[in-house]
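Numbering (the numbering used here), first residue to last: 915 to 1234. Every residue, glycine too, gets a C-beta built ideally from N, C-alpha and C.
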Ligand code: ACO
């Protein structure tokens, strides 16, 4: 299978910032607890924007950065676990605004691994079709899924979007993606329907629920596994990677992984102190920030690694 090159990077986060101490007005918590347990200091919350609008801002920035004409985009894939509608998809809604008349467009749901899954799918589809370019997006309005009386989840998540324009290349592409059933339901948000003719007692709880300790344990194994597997596929070793961009969930998870591979912590890009966990958006926001901030340059090798609900985990190595 051929690979891809990223030719445009974009991201967008809403303006409203919620600091750790702001939660003290509604739950029993502290900046000390949240920052020492997670590394998170603040997060952005979409007050005026929808999940689709965040995606649009990020995708427009990526498209402008790429200088690719919209008519050349053959595929748009959005990864999200907080879409504005079951149908039409976020991707379909974006086409007109991006100036794309027609393209294959759909969303995928793979939680915090969603962006890496979507890159993998886009690579395979570009390979099968006679189109050169795709837009891949991760976007979330997780603030709308949170239960603000549940201190174990509401402090962790934030809103935002990241996007890339990718071009098909002849280079080999390396992807590893896995999922297993979460038999214990340690991480979920139920899809609620308004109308139920027969089952009046059906649950109306759509909030994101998580058993943090169990997810933490899963994450340590999943991230190490995903990194090892994609390195093995590529024949590279950790020292061949210029920057690791992990899903931004918890600084302690990233530190443990760093220790496991005996790596310098500077090799990992972190922005979770500013945005919290933005699920499918976290990796593309970090990737775009790293690129526009000069942390990665043409010729560098970047390893992206995600993990989350499903349970899912996924990784890829990209040449910038
Ligand atoms: N403020 C103050 N105290 C709190 C808070 C809070 N916000 N939240 C929980 N506590 C309390 C708990 O109630 C508990 O109190 P108790 O001992 O009296 O019962 C105590 O702190 C310890 O709770 P733990 O859950 O054991 O805390 P832990 O050290 O495990 O940290 C955390 C919790 C930060 C959630 C951690 O487990 C974690 O990061 N897990 C991984 C989450 C993750 O990576 N998710 C990614 C996937 S997300 C996705 O896919 C959408």
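Beta-carbon separation (whole angstroms), residue i vs residue j, contact threshold 8 Å
| i | j | result |
| --- | --- | --- |
| residue 1047 | residue 982 | 5 Å |
| residue 1137 | residue 1219 | 6 Å |
| residue 1040 | residue 1082 | 4 Å |
| residue 942 | residue 935 | In fact, because the Cβ distance is near 13 Å, the residues do not count as touching under 8 Å. |
Per DSSP, the bridge partner or partners of residue i
| i | result |
| --- | --- |
| residue 1055 | 1073 |
| residue 1169 | Note: residue 1169 sits in no beta bridge, so no partner. |
| residue 931 | 958 |
| residue 1081 | 919 and 1047 |
| residue 1191 | 1071 |
| residue 972 | Bridge partners of residue 972: none, in fact. |
| residue 1021 | 992 |
| residue 1217 | 1158 and 1231 |
| residue 1093 | 1226 |
| residue 1183 | DSSP lists no partner for residue 1183. |
| residue 924 | 1077 |
| residue 1086 | 916 |
| residue 1120 | Note: residue 1120 sits in no beta bridge, so no partner. |
| residue 987 | 1047 |
| residue 1101 | 1124 |
6 Å Cβ shell around residue i - same chain, five flanking residues per side excluded
| i | result |
| --- | --- |
| residue 1057 | 959 and 1073 |
| residue 1014 | 984 and 987 |
| residue 1164 | 952 |
| residue 919 | 1081 and 1083 |
The ligand ACO heavy atom lying under 7 Å from the CB of residue i
| i | result |
| --- | --- |
| residue 1060 | no |
| residue 1231 | no |
| residue 1123 | no |
| residue 948 | yes |
| residue 1026 | yes |
| residue 982 | no |
| residue 1185 | no |
| residue 953 | no |
| residue 1133 | yes |
| residue 1167 | yes |
| residue 933 | no |
| residue 1130 | yes |
| residue 1069 | yes |
| residue 1126 | yes |
| residue 1164 | yes |
| residue 1188 | no |
| residue 965 | no |
| residue 1065 | yes |
| residue 1192 | no |
| residue 993 | no |
| residue 1072 | no |
| residue 1101 | yes |
Same chain, Cβ closer than 7 Å to residue i, neighbours up to 5 away in sequence not counted
| i | result |
| --- | --- |
| residue 1088 | 1144, 1147, 1148, 1230 and 1231 |
| residue 1120 | 1059, 1103, 1104 and 1106 |
| residue 1118 | 1106 |
Residue of the options minimising C-alpha distance to residue i
| i | options | result |
| --- | --- | --- |
| residue 1122 | 1191, 1152, 934 and 942 | 1191 |
| residue 928 | 948, 951 and 962 | 962 |
| residue 1033 | 1023, 1050, 1044 and 1020 | 1050 |
| residue 1245 | 1193, 932 and 971 | Residue numbering for the chain in the displayed model covers 915 to 1234; residue 1245 lies beyond these limits and cannot be assessed. |
| residue 989 | 1045, 1024, 965 and 955 | 1045 |
| residue 1000 | 943, 965 and 979 | 965 |
| residue 925 | 1196, 1170 and 1226 | 1196 |
| residue 1236 | 978, 940 and 937 | The structure shown has nothing for residue 1236, since the chain only spans 915 to 1234. |
| residue 974 | 1010, 1096 and 1189 | 1010 |
| residue 1042 | 1055, 1176 and 917 | 917 |
| residue 1131 | 1171, 1160 and 1153 | 1171 |
| residue 1038 | 1003, 1086 and 1078 | 1086 |
| residue 1166 | 948, 1140, 1226 and 994 | 948 |
Cβ neighbours of residue i in the same chain (closer than 8 Å, five flanking residues each side left out)
| i | result |
| --- | --- |
| residue 1066 | 1124 and 1126 |
| residue 1035 | 991 and 1022 |
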